[in-house]
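The sequence shown begins at 10 in my numbering and counts up by one.
Every residue gets a Cβ at the ideal spot worked out from N, C-alpha and C, and that includes glycine.
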Amino acid sequence: MQGDTEQKQLTMICNLCGSIDKDSWDRVSELPLFDRMELPQGQPRILPQRMRAYIKVEVVFDELAICLIDELLALDPSKRLEAEKALDHTFFYTAPYSKDDFKDLMDTVKTSQFEYTAGGGAHANRGRAVGAGQRVPQRPQLSSQTGQFHDMIF
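Take a look at the structure:
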């Protein structure tokens, strides 16, 4: 997700993972800025349904992949699957098993999946000269009045 402010990023997360509230995260009200954020309310968690668009659900294995992703992206950190426990997930112990040589699998991927090299990321225009008559994109102003700050990548 590529929200350009913290507020937009959280809104995008709510739209996919459901509303951030006391029902989905018991101790969320203890976060210092939680009451100052305007987050969408009543949003259902649609993450598993959206994942089905990318993962063909034809066998139990595919459903296990969706289950693993859903557990890794739980809103409440206390309910989120930790990395060590994720490695013990049933997904990794169900056929079809991983290939012995990972290089064979990666050879089938022909384009970069890294957002900053795939053309739409922060470095999309790096190295391109601005021609006559073209405007140089301006950075948005950082605003402490709204409490929104832009993440800068160096």
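Residue from Asp85, Lys112, Glu72 and Ser121 whose Cα sits closest to the Cα of Ile29: In the sequence shown, counting from the first residue as 1, residue 29 sits at position 20. Cα-wise, what sits closest to Ile29 is Asp85.
Straight-line gap, Gln16 to Pro49 (C-alpha atoms, nearest Å): Sequence index remark: in the sequence shown, residue 16 carries index 7 (1-based). Sequence index remark: in the sequence shown, residue 49 carries index 40 (1-based). Each residue's Cα considered, the two are about 10 Å apart.
Met60 to Leu77 span [Cα, whole Å]: Here the question's residue 60 lines up with position 51 in the sequence shown. Here the question's residue 77 lines up with position 68 in the sequence shown. Their backbone Cα atoms lie some 11 Å apart in a straight line.
Any alpha helix (DSSP H) of 4 or more consecutive residues that is wholly inside the segment 41-88: 56-61 and 69-81
Beta-carbon proximity list for Leu90, same chain, < 8 Å, skipping 5 on both sides: Here residue 90 corresponds to residue number 81 of the sequence shown, with the count starting at 1. Contacts found: Leu77, Glu80, Leu81, Ala83 and His98.
Thr99 (DSSP reduced to helix, strand or coil): Within the sequence shown, numbered from 1, the residue matching residue 99 stands at position 90. It is helical.
Cβ-based burial, Phe100 [other Cβ within 10 Å; buried from 16]: Here residue 100 corresponds to residue number 91 of the sequence shown, with the count starting at 1. By the neighbour-count rule (16 or more Cβ atoms within 10 Å), Phe100 is buried.
Proximity winner among Pro41, Val37, Ala104 and Leu25, relative to Gln52 (alpha-carbon distances): Stepping through the sequence shown from its first residue, residue 52 is reached at position 43. The option with the nearest alpha carbon to Gln52 is Leu25.
For Ile64 and Ile75, believed in contact at Cβ under 8 Å, the rounded distance: As a first step, residue 75 is located in the sequence shown; it is residue number 66 there, counting from the start. As a first step, residue 64 is located in the sequence shown; it is residue number 55 there, counting from the start. Contact holds; Cβ gap of about 6 Å.
Proximity winner among Lys88, Glu93, Asp113 and Ala104, relative to Asp35 (alpha-carbon distances): Along the sequence shown, read from residue 1 onward, the residue named residue 35 stands at position 26. Closest by alpha carbon: Lys88.
Boundaries (first-last residue) of the alpha helix (DSSP H) holding Leu19: Here residue 19 is taken as the residue at index 10 of the sequence shown, counted from 1. Run containing Leu19: Glu15 to Cys26, per the alpha helix (DSSP H) assignment.
C-beta atoms of Leu73 and Thr103 nearer than 7 Å: Counted from its first residue, the sequence shown places residue 73 at position 64. Counted from its first residue, the sequence shown places residue 103 at position 94. Yes.
When Ala95, Pro57, Gly12 and Thr14 are compared against Gly27, the one with the closest alpha-carbon: Working through the sequence shown from its first residue, we reach residue 27 at position 18. Checking every option, the nearest Cα to that of Gly27 belongs to Pro57.
Own chain residues within Cβ distance below 8 Å of Ser38, not counting five before or after: Taking the sequence shown and counting its residues from 1, one reaches residue 38 at position 29. The answer, listed in chain order, is Lys31 and Asp44.
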